[in-house]
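Structure first, then comments.
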Amino acid sequence: MLLKTKGIPYNINGYVIGRVTRNRNKSGVDQVLIIDSDDSTSTGEFAAYLTTKSFAPVKDNLLCIFAIQTLEHLEEDDIVYIGEDGNVKTLYRVNSFFNTLVVTERCNSNCLMCSQPPKDKNDIPRLYEIYSKAIPLIPKDCFELTISGGEPTLMGELFFKLLDQITTQLPNTELHILTNGRIFAWQQWANRLAEVNNPRLMLGIPVYSDYYQVHDYIVQAKDAFNQTIIGLHNLARYQHRIEIRIVLHKQSIPRLTRLAKYIYKNLPFAEHVTFMGLEYTGYTPHNIDALWIDPYHYQNELEESVEFLASQGMNVSIYNAQLCTLPENLWKYSKKSISDWKNDYLPDCKVCDKLQDCGGLFTWNLKKYSKFIHPIKGDQNLYANVNLNGQ
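Sequential numbering from 16 applies to the sequence shown in this note's numbering.
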């Protein structure tokens, strides 16, 4: 799935945020016209024009990106960012349930398996400005929106201003915030979040071990475990909705069952607990020896942890997993969680009877996956030892 393309800018200074259209009669200050045909006439003015043509087919004073390789990925009313460097980035897709606002690339952790390694640059004011202009264009029937980073809370007061804006303009939208939760160890931040007053807001916060040294090692940040746990309890005081996230790898697996019991005993207020497969991107390839364990080989630990939490009445899911690498009794917990633009399957998966129910793989995980992945045909045990060239 293409989310970014590029062409040659014409008359663009700064950037343009707008909704794309191929309808020449749908003009407006927030509309971006895609010119697909030789006929470049229109009945109104647009914020900007996009075209694959090798020249700018517009008047001298209008804004345009031309010579774009393809625009086929853009659908009517998708929201785009058009930069003076010729980049056209998709900010929001109207026909997707997987829309994420990456509000900063900065982070106060440096996780061993971070899929988007942090960058120490002051990008917050600029990204806040971009998204504050894009949010009013998002359809009011948007089902869910994710806020991610980096670490979103590093925005400070701008973080809450963005949440206030979303709460006001998209009151029926589920809002999922991916954060390490450390800032909420200071109670005033949990209190400030309560002032947003959005009952549809949920925070996805990672806890990787019941033992502070293991968690701190995984996130590469001193005192991170203590700050996270205190933060979770501060959030619970204000009745914030909380999801606990656990990434499965060589560092987290040995104490996984202990972590499950720790969560039940110390974090019973969590609305959702999810166990997540490892992404082979970002820092992971560089730390693969410290992280990789074939998912097939941690079935026992995962099964015991999931079944324990479920038996205690907690809401449990498994993300980023292939059904053929899970015990059949865990299939009901496995969700199709990978965003559509980065979701893929192996060629052999096409003949699997469970293809439509399986979460598949991240596109980049096609380079590193379980050697036990196999198509399920009736009795999955019939294929349990098939090796389809996994690494």
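Positions of the beta carbon are idealized from the N, C-alpha and C atoms, including for glycine. All values reported here derive from a predicted model rather than from experimental measurement.
Linking glutamate 99 to proline 24 through their CA atoms gives a straight-line distance of about 6 Å.
A Cβ-Cβ contact shorter than 8 Å links glutamate 294 with phenylalanine 377. The continuous alpha helix (DSSP H) containing serine 320 extends over residues 314 to 326.
With three or more CB-CB distances shorter than 8 Å, the region 89 to 99 counts as touching the region 107 to 127. Taking the CA atoms as reference points, tyrosine 226 sits about 36 Å from threonine 182. Taking C-beta separations shorter than 7 Å and ignoring five residues to either side along the sequence, the partners of glutamate 316 in its chain run Ile268, Leu271 and Thr272, following chain order. Within the region 163 to 246, the complete alpha helix (DSSP H) runs of at least 4 residues fall at 172 to 184, 202 to 211 and 227 to 234. Around the beta carbon of aspartate 238, fewer than 16 other beta carbons lie within 10 angstroms, which makes this residue exposed.
Straight-line spacing of the CA atoms in glutamate 210 and tyrosine 253 works out to 10 Å.
Annotated three-state conformation of proline 283 is coil, per DSSP.
In terms of Cα proximity to histidine 255, the closest of Asn212, Tyr277 and His264 is Asn212. Short of 6 Å from the beta carbon of asparagine 137, and not among the five residues preceding or following it, lies no beta carbon of its own chain. It is roughly 12 Å from the alpha-carbon of lysine 21 to the alpha-carbon of cysteine 79. Following the DSSP letters along the chain, one finds lysine 148 inside the alpha helix (DSSP H) bounded by residues 139 to 149. Per DSSP, reduced to three states, the secondary structure at cysteine 79 is strand. DSSP, reduced to helix, strand and coil, places leucine 361 outside both helices and strands of the structure shown, so it counts as coil. Taking all protein chains shown into account, glutamate 87 has fewer than 16 neighbouring C-beta atoms within 10 Å of its C-beta and is therefore exposed. Here DSSP, grouped into helix, strand and coil, assigns lysine 104 to strand.
The alpha carbon of alanine 63 has as its nearest neighbour, out of Met16, Phe70 and Tyr30, the alpha carbon of Tyr30. A direct Cα-to-Cα measurement between isoleucine 391 and asparagine 330 gives close to 27 Å. In the structure shown, the three-state DSSP call for glutamine 266 is coil. In the structure shown, the three-state DSSP call for tyrosine 295 is coil. Distance from the CA of tyrosine 348 to the CA of histidine 191, rounded to the nearest whole angstrom, comes to 20 Å. Non-local C-beta neighbours of lysine 265 in its own chain, meaning closer than 6 Å and more than five positions away in sequence, comprise Leu306 and Ile308, ordered along the chain.
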